[in-house]
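Novice:
Residue numbers (the numbering used here): 45 to 314.
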């Protein structure tokens with residue numbers, strides 16, 4: 045009887061074992077992943093201390109508008125948790141951020157004096173660590189020489205010309221916004237714009253346009269902007285509207301001058 049009593053388990057023993065197992069599982073996961081999964085891409089793209097350095101840069105140059113924890117500040121700047129490293133690289137390397145004068149759209153301009161490859165990488169790593177998001181594309185993904193211009197042209201005309209014009213010249217949108225010209229953008233910035241959707245641009249993730257198709261589109265854009273205009277002035281490459289307008293103005297001007305000259309000659313003859 046004493047042996048049976050001694051071998052009987054406490055009714056809470058099974059719960060204690062379960063809690064111990066869960067604790068060991070969590071501890072093992074922490075050791076196996078010293079950073080969260082959302083920070084893996086940021087750490088992989090640079091040094092382990094990039095996140096710490098990026099946080100310092102963020103607090104100095106970005107927190108006044110985006111908040112100390114990138115949670116955003118009402119009427120000043122949106123939250124950046126989850127926007128990803130690609131968004132940071134696009135906005136900062138193109139000079140759109142930091143934004144000195146808030147408006148309907150952040151224009152492309154000369155990057156801030158503190159911006160360079162190292163600081164952009166560090167800032168991107170920090171933002172990536174906060175909530176994941178699209179990562180910076182690799183050199184192979186944006187290599188225009190490996191893309192198919194013909195296929196890229198078809199994709200560009202199907203998805204982009206409504207705003208950017210068929211040659212990437214850009215155009216006006218509503219409420220003071222506009223689609224910027226694509227000529228100043230680097231191949232990497234074009235790819236990043238597609239996967240992050242800056243300003244009024246929609247997001248073209250990999251389920252909509254595959255990485256290979258994005259590279260084809262980059263090849264098309266690079267080919268178009270390097271194309272010469274042997275027929276004369278490009279007239280902004282806006283298309284038949286401007287060509288017709290120029291022809292109309294020039295034609296009317298010539299006809300008017302001809303009419304004035306004929307009238308003057310006739311009066312002299314009289």
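We treat Cβ as the ideally placed atom computed from N, Cα and C, and that holds for glycine.
By the three-class DSSP mapping on this structure, what secondary structure does residue 320 have?
Specialist: The chain is shown only over 45 to 314; residue 320 falls outside these bounds and no answer can be derived.
Novice: DSSP puts residue 222 in a beta bridge; with which residues?
Specialist: DSSP, once it has assigned bridges, lists 216 as partnering residue 222.
Novice: Kindly indicate the opening and closing residues of the alpha helix (DSSP H) around residue 207.
Specialist: Element bounds for residue 207: 205 to 208.
Novice: Distance check for residue 219 and residue 27, CA to CA, integer angstroms please.
Specialist: The shown model of the chain, from 45 to 314, leaves out residue 27, and the question about it has no answer.
Novice: Between residue 236 and residue 188, is the Cβ-Cβ spacing less than 8 Å?
Specialist: Result no, Cβ atoms of residue 236 and residue 188 do not sit closer than 8 Å.
Novice: Considering only the alpha carbon of each residue, which of 131, 265 and 109 lies closest to residue 121?
Specialist: The option with the nearest alpha carbon to residue 121 is 109.
Novice: Measuring alpha carbon to alpha carbon, tell me which residue in 119, 111 and 168 is nearest residue 128.
Specialist: Closest by alpha carbon: 168.
Novice: How big is the Cα-Cα spacing for residue 131 and residue 242?
Specialist: Approximately 8 Å between the Cα atoms of the pair.
Novice: Grab me the residues of residue 197's own chain with a C-beta within less than 6 Å of its C-beta, minus the 5 sequence neighbours each way, in chain order.
Specialist: Around residue 197: 264.
Novice: Going by DSSP in three states, residue 123 sits in which element: helix, strand or coil?
Specialist: Residue 123: coil per DSSP, three-state reduction.
Novice: What separation, rounded to the nearest whole angstrom, lies between the Cα atoms of residue 323 and residue 163?
Specialist: Because the chain in this structure spans residues 45 to 314, residue 323 falls outside the shown range and cannot be described.
Novice: Let me know the secondary structure DSSP gives residue 247 once reduced to three states.
Specialist: Note: residue 247 maps to coil in three-state DSSP.
Novice: Which parts of the stretch 173 to 204 are runs of the alpha helix (DSSP H), unbroken and 4 residues or longer, counting only runs that do not cross its ends?
Specialist: Here the runs fully enclosed are 193 to 203.
Novice: Quick check on residue 117: does DSSP put it in helix, strand or coil?
Specialist: Residue state, collapsed to three classes: strand.
Novice: How should residue 2 be labelled, buried or exposed, when 16 other C-beta atoms within 10 angstroms of its C-beta is the threshold for buried?
Specialist: Absent from the structure is residue 2, since the part of the chain shown begins at 45 and ends at 314.
Novice: Which two residues bound the contiguous alpha helix (DSSP H) that contains residue 272?
Specialist: Premise fails: residue 272 is in no alpha helix (DSSP H) and is neither H nor E.
Novice: Let me know if residue 144 comes out buried or exposed under the rule of 16 or more other beta-carbons within 10 Å of its beta-carbon.
Specialist: With fewer than 16 Cβ atoms within 10 Å of its Cβ, residue 144 is classed as exposed.
Novice: Using the Cα positions of residue 116 and residue 272, report the straight-line distance between them to the nearest angstrom.
Specialist: Roughly 45 Å between the two C-alpha positions.
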